[in-house]
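Residue numbers (this note's numbering): 361 to 949.
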């Protein structure tokens, strides 16, 4: 799994290249590119970024730059650069980096697709195997992940590739639940590349996850001491500590970053987030962000955070103080990407598309900021993430319908999905792959929607609010859909509430059925038949966790890759007998 997933497990709601690998960039840029890599691996993040940008027209340099962006938690930018590099020159290097950037953005399906193409390109860069193995492990394909990792490890020659192989062995062992081997390989990655701050940062995050904050703090202090006055390194240290609510370490790192680069957007946001969520010093956060916005007037991230701090917490008119949002809003693009992805899913199951509701978009974004402003509060744990405790700063509606109506929504029914990915498309894919969240997306009565997302360092949230029409008696909506191809083989869990508390994850991919909310669905017999003609055992979902118009099952074990399965279902809808038989095909490995 990616480097942040262990840190974010409590948040989940559905619940490379000369120095960086073995690829050979053109002779005209080989030496400058190697020098840029050396700066990155020595911890000079600012110098490396400047050097990469001078070479950005070369796809190899652009791919290297994408890796730097990943290390700085700039995941959306990293994916954009990697996609551009792979489109310009789709070789093993650029496709391998695309694999990494997609995986760290939580788009695991996209990462697997890019990785499979990367290892089929010749010559194969060792890092293509290594990065592909990560995506495979993140989808619980541990056998394939191990094979790819062994191939990458065998071919790795330079320190970065060797260290990355060790890092991915650590990731592999985390996936299979061996925390001692996870730690062992993190330490081996440091031994292979001791000067690269990311190696120690990774180990610090591990120590936090194992409830060893003193060990984590010691590592972070050593990183800062070895790499003084580097803005990017200080921000990375701050982000790692902040995510674990280690306030003093995070505050010190962000403050040092701002000395290196006064009013730097990332450090300003990080420090303001501590002022808001921990210290509750809203005036200090406001003044810090206002100064940063004046110095960086095109920063949409700073603008939106300050806008919602004014609107929700300080109760002042943000437009009067800040004026209109910066032009070229990435937020509009994110909304379009999310809703397009939702509508692609709905088309697959034969449902009408949804359209954007500005009121729902405002509500979804505001609720995302409410969560960020109150990060770490028990009142937002687990399914309570969908509610707003009126005693917390920034609250403006107890539930999704109250929040939507606060922003002018005139409907009477809403539904909501929340995730913690880094791309809007990845968030929607998570919801589709889950159980309860998929049922929300596939509601036959969904007519409008709004989407909002916020990222501060490694902290991220995406909110989708759906406006529902009147109750209907729409016929059954099934997923996977009839004759659907490339269906995932497994469901990894990580959804709250747990759809199958007694299951051992990963299970097979969830199969769900729903009808209009004006009807009652009763399933009397259901059977999944595998490619060998035998029935597949599974876990029926607890009816107490479902509405009367919903049903679902989790196959006990991951499905056979490339296999064709048939589902046989019979029961009643509003007392009338119905029967449905359909087939789908699992994606090949």
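Even glycine gets a Cβ: it sits at the ideal position worked out from N, Cα and C.
Can you list, in chain order, the stretches of the beta strand (DSSP E) that have 3 or more residues and sit fully within the stretch 760-786? 774-779
Check whether the stretch 683-703 touches the stretch 647-667, taking contact to mean three or more Cβ pairs, one atom from each stretch, closer than 8 Å. yes
When the Cα atoms are used, what is the spatial distance from residue 927 to residue 555? Start at 1 with the first residue of the chain shown, and residue 927 comes out as number 567. Start at 1 with the first residue of the chain shown, and residue 555 comes out as number 195. In a straight line, the C-alpha of residue 927 is about 54 Å away from that of residue 555.
Just curious, the beta strand (DSSP E) that residue 839 is in, first and last residue? Taking the chain shown and counting its residues from 1, one reaches residue 839 at position 479. It spans 837-839 - the beta strand (DSSP E) in which residue 839 sits, taken as one unbroken run.
Output the boundary residues of the beta strand (DSSP E) element that contains residue 317. The requested residue 317 does not occur in the structure, where the chain is confined to residues 361 to 949.
Using the beta-carbon count (16 or more within 10 Å), is residue 815 buried or exposed? Looking up residue 815 in the chain shown gives position 455. Answer is buried; the Cβ neighbour count reaches 16.
Would you call the CB atoms of residue 825 and residue 773 closer than 9 Å? Your numbering for residue 825 matches position 465 in the chain shown. Your numbering for residue 773 matches position 413 in the chain shown. Cβ atoms of residue 825 and residue 773: not closer than 9 Å.
Using only the alpha-carbon positions, how far apart do residue 495 and residue 699 sit? Reading the chain shown from its first residue, position 135 is the one you call residue 495. Reading the chain shown from its first residue, position 339 is the one you call residue 699. Taking the straight line from one Cα to the other gives about 25 Å.
Rounded to whole angstroms, how far is the Cβ of residue 880 from the Cβ of residue 803, which I believe are closer than 8 Å? On the chain shown, position 520 is the one that residue 880 refers to. On the chain shown, position 443 is the one that residue 803 refers to. Contact doesn't hold; Cβ gap of about 16 Å is too wide.
Cβ-Cβ separation, residue 552 to residue 526 (assumed contact under 8 Å), whole Å: Start at 1 with the first residue of the chain shown, and residue 526 comes out as number 166. Start at 1 with the first residue of the chain shown, and residue 552 comes out as number 192. Between residue 552 and residue 526 the Cβ distance is about 6 Å, and since that is below 8 Å, they are a contact.
Residue 873 - partner residues in DSSP beta bridges: Here residue 873 corresponds to residue number 513 of the chain shown, with the count starting at 1. The partner list for residue 873 (beta bridge, DSSP) reads 838, 911.
Could you give the distance in angstroms between the alpha-carbon of residue 399 and the alpha-carbon of residue 671? Sequence index remark: in the chain shown, residue 399 carries index 39 (1-based). Sequence index remark: in the chain shown, residue 671 carries index 311 (1-based). Their backbone Cα atoms lie some 42 Å apart in a straight line.
On the criterion of 16 or more Cβ atoms from any shown chain inside 10 Å, does residue 383 qualify as buried, or is it exposed? Counting from 1 along the chain shown, the entry for residue 383 is found at position 23. In this prediction, residue 383 has a pLDDT of 40, which is less than 50 and means its spatial position is unreliable; nothing more can be read from the coordinates.
Does DSSP put residue 736 in a helix, a strand or coil? The residue labelled residue 736 in the question sits at position 376 within the chain shown. If DSSP states are grouped into helix, strand and coil, residue 736 belongs with coil.
Hey, out of 458, 858, 778, whose CA is closest to residue 424's CA? To locate residue 424, count along the chain shown from 1; it is residue 64. Measuring from the Cα of residue 424, the nearest candidate turns out to be 458.
Less than 8 Å between the CB atoms is what I'm expecting for residue 820 and residue 782, so what's the real figure, rounded? In the chain shown, counting from the first residue as 1, residue 820 sits at position 460. In the chain shown, counting from the first residue as 1, residue 782 sits at position 422. Indeed they touch by this definition, with Cβ atoms about 5 Å apart.
Compute the Euclidean distance between the alpha carbons of residue 381 and residue 718, then round it to the nearest angstrom. Within the chain shown, residue 381 is the residue found at index 21, counting from 1. Within the chain shown, residue 718 is the residue found at index 358, counting from 1. Bear in mind that a pLDDT of 40 at residue 381, under 50, signals an unreliable position, so the number given afterwards is only what the model happens to contain. So the alpha carbons of these two residues sit roughly 46 Å apart.
If distances are taken between C-alpha atoms only, which option among 836, 504, 588 comes closest to residue 937? For the purposes of this step, residue 937 is identified with residue 577 of the chain shown, where counting begins at 1. Ranking 836, 504, 588 by Cα distance to residue 937 puts 836 first.
Could you work out which residue in 867, 540, 770 is closest to residue 827 when comparing CA atoms only? Here residue 827 is taken as the residue at index 467 of the chain shown, counted from 1. Taking only the C-alpha atoms, the option nearest residue 827 is 770.
Per DSSP, what kind of secondary structure is residue 900 in: helix, strand or coil? On the chain shown, residue 900 is found 540 positions in, with the first residue counted as 1. Here residue 900 sits in strand by DSSP.
Would you give the residue range spanned by the alpha helix (DSSP H) that residue 865 belongs to? For the purposes of this step, residue 865 is taken as the residue at position 505 of the chain shown. Element bounds for residue 865: n/a, residue is neither H nor E.
Of the residues 759, 865, 456, which one's Cα is nearest the Cα of residue 919? As a working mapping, residue 919 is identified with position 559 in the chain shown. Among 759, 865, 456, the Cα nearest to that of residue 919 belongs to 865.
Could you pull out every residue in the same chain whose Cβ sits closer than 8 Å to the Cβ of residue 465, ignoring the five residues on either side in sequence? Here residue 465 is taken as the residue at index 105 of the chain shown, counted from 1. The answer, listed in chain order, is 435, 436, 438, 439, 781, 782, 783, 786.
Threshold first: 4 residues or longer. Then list the alpha helix (DSSP H) segments lying entirely within the stretch 572-647, N to C. 573-586, 591-603, 607-620, 625-634
Residue 887, DSSP secondary structure in three states: The count along the chain shown starts at 1 and reaches residue 887 at position 527. It is a strand residue.
Residue 674 versus residue 640: straight-line alpha-carbon distance, rounded: Indexing the chain shown from 1 puts residue 674 at position 314. Indexing the chain shown from 1 puts residue 640 at position 280. Distance between the alpha carbons of residue 674 and residue 640 is about 12 Å.
So which of 491, 493, 882, 913 has the shortest CA-CA distance to residue 851? Taking the first residue of the chain shown as 1, we reach residue 851 at position 491. Looking at the Cα atoms, 913 is the closest of the given residues.
Let me know the alpha helix (DSSP H) ranges lying completely inside the stretch 702-757, each 4 residues or longer, listed in chain order. 718-733
Note down, in chain order, each residue of its chain lying with its Cβ closer than 6 Å to the Cβ of residue 776, except the 5 sequence neighbours on either side. Stepping through the chain shown from its first residue, residue 776 is reached at position 416. Closer than 6 Å at Cβ, skipping near neighbours: 746, 760, 825.
What does a CB cutoff of less than 8 Å around residue 840 pick up in its chain, not counting 5 residues either side in sequence? Stepping through the chain shown from its first residue, residue 840 is reached at position 480. Once the five neighbours on either side are set aside, the close Cβ partners of residue 840 are 847, 869, 871, 944.
Which residues does DSSP pair with residue 470 in a beta bridge? Taking the first residue of the chain shown as position 1, residue 470 is located at position 110. Answer is none; residue 470 lacks a bridge partner.
Give me the residue from 594, 680, 569, 501 with the minimum Cα distance to residue 536. In the chain shown, counting from the first residue as 1, residue 536 sits at position 176. Minimum Cα distance to residue 536 is reached at 501.
Tell me residue 815's beta-bridge partners as DSSP assigns them. For the purposes of this step, residue 815 is taken as residue 455 along the chain shown, with counting starting at 1. DSSP, once it has assigned bridges, lists 820 as partnering residue 815.
Backbone CA spacing between residue 614 and residue 605 [nearest angstrom]: Here the question's residue 614 lines up with position 254 in the chain shown. Here the question's residue 605 lines up with position 245 in the chain shown. Their Cα atoms are separated by approximately 14 Å.
For the beta strand (DSSP E) containing residue 941, name the first residue and the last one. The residue labelled residue 941 in the question sits at position 581 within the chain shown. Residue 941 -> beta strand (DSSP E) spans 936-945.
If you drop the 5 nearest sequence neighbours on each side, which residues of the same chain put their C-beta closer than 8 Å to that of residue 710? What you label residue 710 is simply residue 350 of the chain shown in a count that begins at 1. Excluding residues within five positions, the ones whose Cβ falls inside 8 Å are 837, 841.
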